[in-house]
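Number of protein chains: 2
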Amino acid sequence: MVRRGEIIAIGSELLLGGRVDSNSLFLMEGLARAGVELRFKSIVGDDEDDIVAALATAVRRVEVVLLTGGLGPTSDDRTREAVAKAVGKPLRRRAEAVLGMRRQLTMWGRKPTAAQLRQGLIPVGAEVLANPVGSAPGFALRWKGALIAALPGVPREAEEMFSAALLPRLLAESMASGAEQLERRILYTFGLPESEVDQKLAGIIPSGGPIQLGLLASPLGVLVSLTVWGKSPRQVMASTRKQGNAEHLDKTIRAIKTRLASWIYAEGSDTMEQVVGRYLADRGLTLAVAESCTGGLIGHRLTQVSGSSAYLDRVAVTYSNRAKSEWLGVPARLLKRHGAVSPQVAAAMARGIRSKSRVSIGLSVTGIAGPGGGTKDKPVGLVYIGVAAASSTKRSGGFTQRFQFHGNRETIKLRASQAALNLLRQWLVKTGA
Amino acid sequence: MVRRGEIIAIGSELLLGGRVDSNSLFLMEGLARAGVELRFKSIVGDDEDDIVAALATAVRRVEVVLLTGGLGPTSDDRTREAVAKAVGKPLRRRAEAVLGMRRQLTMWGRKPTAAQLRQGLIPVGAEVLANPVGSAPGFALRWKGALIAALPGVPREAEEMFSAALLPRLLAESMASGAEQLERRILYTFGLPESEVDQKLAGIIPSGGPIQLGLLASPLGVLVSLTVWGKSPRQVMASTRKQGNAEHLDKTIRAIKTRLASWIYAEGSDTMEQVVGRYLADRGLTLAVAESCTGGLIGHRLTQVSGSSAYLDRVAVTYSNRAKSEWLGVPARLLKRHGAVSPQVAAAMARGIRSKSRVSIGLSVTGIAGPGGGTKDKPVGLVYIGVAAASSTKRSGGFTQRFQFHGNRETIKLRASQAALNLLRQWLVKTGA
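Taken in order, these protein sequences are the chains called X and U.
Numbering-wise, the first sequence is residues 1 to 433 according to this note's numbering.
Numbering-wise, the second sequence is residues 1 to 433 according to this note's numbering.
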């Protein structure tokens with residue numbers, strides 16, 4: 001039996017959109033480990049009746065409901081009141097909730113305000129969930145056969161509370177009931193449109209079988225996800241079906257890797273910048289980057305990785321031609337003859353940043369991010385990427401590659417940064433030790 | 001009367017999270033213009049029964065339902081089938097749907113594949129909505145008193161279809177029924193925690209009045225939103241209540257601006273980088289940036305603005321001390337005596353990037369993004385920001401400011417980039433012409 005789950009995110013501002021939903025992936029994976037498949041996600045404003053309605057809908061269709069948000073001290077935090085109203089229990093100030101809050105605030109050298117004391121109100125009969133990293137306590141209760149847990153909206157607080165207080169209980173329940181567990185593998189590809197990935201994978205997953213294939217296109221490439229439900233560890237002791245599914249999954253992953261080959265740049269939760277960083281660190285190589293149209297995005301991405309200072313020496317965002325000449329030594333006549341967006345200038349930028357910084361590898365990007373600045377010969381989205389390496393490496397000298405991207409300024413920058421890091425990755429693989 | 005709306009986003013991968021929901025804001029604003037208040041947002045996988053369940057829930061609680069996604073050619077696109085099943089009408093291939101698709105594909109020099117012809121299947125009785133920028137047609141129908149519209153999942157296609165085919169109909173309906181319209185104003189603040197913004201605004205909005213206040217904290221600051229419902233233009237001709245609400249809103253905004261003063265950095269849909277860019281462009285000033293711990297993020301953000309090449313000359317991401325010395329002329333003894341993360345080095349970086357680039361203003365950031373690298377004296381999150389200006393400007397020389405940020409590496413980088421741009425903005429305001 002697979003239990004079904006729903007996340008209800010509470011907050012009028014969440015309806016505005018424009019934000020990354022950074023809670024769901026973590027909670028979804030956690031639920032899956034405990035044999036709960038996330039089936040629905042709902043977003044609802046700070047309206048008490050709307051929260052009650054969402055909760056009533058959820059318990060009709062799932063067995064585990066996670067509420068996030070609306071537990072703060074301000075008057076538009078309505079989750080406590082809404083749950084109490086839905087389940088028909090009054091709110092009472094609970095000593096252990098207030099105690100946990102005081103302890104956390106004391107660590108920060110503060111005392112709870114009158115408003116914060118509201119956070120200690122918990123529906124009668126609910127279990128208090130401690131917040132190890134914030135002031136708002138959560139709570140959990142059973143209603144109409146479903147487990148309902150209220151977690152904070154701040155992703156880090158929701159994650160810590162979920163892991164510490166909720167996951168152990170869910171795991172115990174799933175062990176006891178013999179629930180199945182989800183296994184998911186994710187591969188990331190870059191360089192092929194979604195329809196071509198789909199074609200290349202045609203027939204690889206038998207329809208009606210236990211494996212579900214999902215594709216998701218974004219400017220960073222096409223994500224390939226494989227999902228399979230297997231028996232829980234306890235059941236595995238008495239059967240081999242789980243091994244069967246896992247083996248089947250492994251075999252399918254190997255087949256996909258053969259078909260998609262070097263288009264695959266990462267697996268699991270790895271990012272392109274982590275993969276590239278690992279190659280550089282493992283081989284003791286150093287990198288410097290000369291960016292133009294990406295404006296610093298490649299530097300930003302590389303430095304998202306902790307420890308990147310070991311291989312990243314510097315990044316030059318040479319937006320002006322003068323900067324390209326002064327810092328990278330790109331000859332003025334090259335800029336004049338071929339223009340800043342040209343294979344010649346991309347090559348000179350990569351060579352220039354490498355020799356000026358005295359690093360192993362120079363990477364360069366020059367292009368037109370738009371929406372202005374395009375011409376018939378050099379349209380918006382035209383990008384040249386250059387790689388230059390010391391002559392001591394296997395493939396000496398350097399090379400450039402031309403790309404034509406589509407989309408708005410933001411998308412073109414994102415695609416160009418991904419293409420540059422991917423070109424570097426492919427080159428590192430090809431010339432690998 | 002305010003009609004209520006719900007968006008149902010369809011796609012198993014959307015449950016994964018980790019993506020920016022870029023459809024909602026546009027659709028929410030469009031609905032509001034037509035007197036429809038977005039009250040719920042639901043996300044559901046590619047499971048036909050789950051889509052049917054979500055649709056059944058939606059028509060019980062709202063009058064306008066927008067479905068996005070699941071209209072593509074692949075077998076996991078189930079929206080057409082689910083809607084047909086829910087409303088109890090069969091699917092039929094519709095000539096106008098296929099025609100529109102052929103026309104779009106012809107423009108791209110392609111013919112519809114067998115799979116794409118599935119996209120021409122529309123529930124009997126539904127109106128076909130043309131897709132001006134993609135191949136998948138949408139459709140709209142009435143069921144149980146609600147208007148249900150199926151739009152593509154690609155944001156640009158959803159927006160174009162909504163604007164061209166759906167909005168005129170919603171506007172006409174709202175004019176006819178005299179529905180109210182939503183007005184929303186948004187202010188962005190930086191530098192105050194949410195609880196302090198809340199305190200500063202205490203009593204400014206009478207409870208029970210027509211104006212709703214919302215606060216949303218993020219690493220970029222605290223967003224303040226004010227929402228009010230007013231009468232439609234047609235009703236306004238016969239009453240003054242709408243003017244009353246709008247005037248009231250203007251007055252409240254002015255009061256908020258007085259209380260939050262220079263913490264407010266932008267209004268409406270402006271970003272910090274747009275505001276800073278406008279100041280620089282208006283005064284004909286040029287900028288160069290020297291980043292360390294932010295790794296290129298400030299450059300990336302500044303260059304998200306189209307036309308930024310007019311004022312941004314270059315950005316140096318000097319991750320290594322050697323780069324700081326070579327490119328910015330930071331004396332080695334300064335680095336040795338005070339360390340790279342110090343007010344002295346921040347000042348030298350700002351002066352250095354300004355004089356090397358010969359621009360009006362130099363901006364610098366140096367700090368510890370973590371998780372490693374912190375000490376007792378210089379903990380993770382410690383950041384110094386420097387501003388250096390030509391002596392010809394009113395406030396000559398330069399200055400530095402110390403910040404202590406909290407959060408993970410990504411959050412610290414984001415906050416540091418925002419603090420740097422905000423410091424520059426405040427300095428530009430103070431020294432303004």
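Each residue gets a CB set at the ideal place from its N, CA and C atoms; glycine is no exception.
Please read these numbers as outputs of a predicted model, since none were measured by experiment.
Sequence-distant residues of its chain with Cβ nearer than 6 Å to residue i (five each side left out)
i	result
X/Ala158	Asn23, Thr68, Leu151 and Pro152
U/Ala149	Leu66, Ala140 and Leu166
X/Glu267	Leu187
X/Val228	Glu183, Pro210, Ile211, Asn245 and Leu249
X/Gly381	Gln404, Phe405, His406 and Ile412
X/Ala255	Ile204
Beta-carbon gap between residue i and residue j smaller than 8 Å
i	j	result
U/Ala346	U/Thr400	yes
X/Thr443	X/Val341	In this structure chain X extends from 1 to 433, so residue 443 of chain X is not present and cannot be described.
U/Ser360	U/Ala350	no
U/Thr303	X/Gly295	yes
X/Leu328	X/Ala369	no
U/Leu129	U/Met161	yes
X/Thr79	X/Ile10	yes
U/Lys85	U/Glu48	yes
U/Val124	U/Arg103	no
X/Leu223	X/Asp198	no
U/Gly372	X/Ser306	yes
U/Ala390	X/Asp313	no
X/Leu171	X/Leu414	no
U/Val133	U/Arg156	yes
X/Leu226	X/Arg185	yes
U/Met101	U/Gly120	yes
U/Ala339	U/Lys376	The sequence shown places Gly at residue 339 of chain U, not Ala. No, the pair does not count as a contact, with Cβ atoms beyond the cut-off.
U/Tyr319	U/Ser292	yes
Close-in-space but distant-in-sequence residues of the same chain around residue i (CB under 7 Å, 5 per side omitted)
i	result
X/Leu280	Leu287 and Tyr311
U/Ile7	Ser24, Leu27, Leu38, Lys41, Leu66 and Thr68
U/Leu14	Ile43
X/Ser417	Thr294, Leu297, Ile298 and Arg301
U/Val2	Gly35, Glu37, Ala179, Glu180 and Trp229
U/Leu334	Gln344, Val345 and Ala348
X/Lys111	Leu105
X/Asp435	It is not possible to answer for residue 435 of chain X, since the shown part of chain X is limited to 1 through 433.
U/Ile353	Ala288, Val289, Ala290, Ala316, Leu328, Gly362 and Ser364
For residue i: DSSP bridge partner residues
i	result
X/Gly398	X/Ala388
X/Phe139	X/Val128 and X/Ala150
U/Glu183	U/Val228
U/Glu37	U/Arg4
X/Arg314	X/Ala288 and U/Thr318
X/Thr189	X/Val222 and X/Ile264
U/Thr366	U/Tyr384
X/Ile10	X/Val44
U/Gly214	U/Ser225
U/Pro123	U/Leu91
U/Gln404	U/Leu382
U/Ile361	U/Leu287 and U/Ala389
Spatial neighbours of residue i in its chain, beta-carbon cut-off 8 Å, leaving aside the 5 residues before and after
i	result
U/Gly145	Val59 and Glu63
X/Arg425	Tyr265, Met272, Val275, Val276 and Tyr279
X/Ser325	Pro331, Ala332 and Leu335
X/Lys257	Leu187 and Ile264
X/Arg262	It is Ser, not Arg, that sits at residue 262 of chain X in the sequence shown. Cβ within range, chain order: Gln426 and Val429.
X/Glu81	Glu48 and Leu91
U/Gln441	Residue 441 of chain U is absent from the model: chain U starts at 1 and stops at 433.
Would you check if the stretch 266-273 of chain X and the stretch 420-429 of chain X touch, i.e. whether three or more CB-CB distances between them fall below 8 Å? The answer is yes - the stretch 266-273 of chain X touches the stretch 420-429 of chain X, with three or more Cβ pairs under 8 Å.
Tell me whether the stretch 94-102 of chain U and the stretch 130-145 of chain U touch, counting them as touching only if at least three CB pairs, one residue from each stretch, are closer than 8 Å. The stretch 94-102 of chain U vs the stretch 130-145 of chain U: in contact.
Extract the residue ranges of the alpha helix (DSSP H) inside the stretch 250-297 of chain U, only unbroken runs of 4 or more that lie entirely within it. DSSP runs (the alpha helix (DSSP H)) wholly in the stretch 250-297 of chain U: 272-283.
Check whether the stretch 187-199 of chain U and the stretch 98-114 of chain U are in contact - that is, three or more C-beta pairs closer than 8 Å. Verdict: no, contact absent.
Mind listing, in chain order, the continuous alpha helix (DSSP H) runs of no fewer than 4 residues lying wholly within the stretch 39-104 of chain X? The qualifying runs are 48-61 and 79-87.
Which runs of the alpha helix (DSSP H), 4 residues or longer, sit entirely within the stretch 322-354 of chain X? You should have 332-338.
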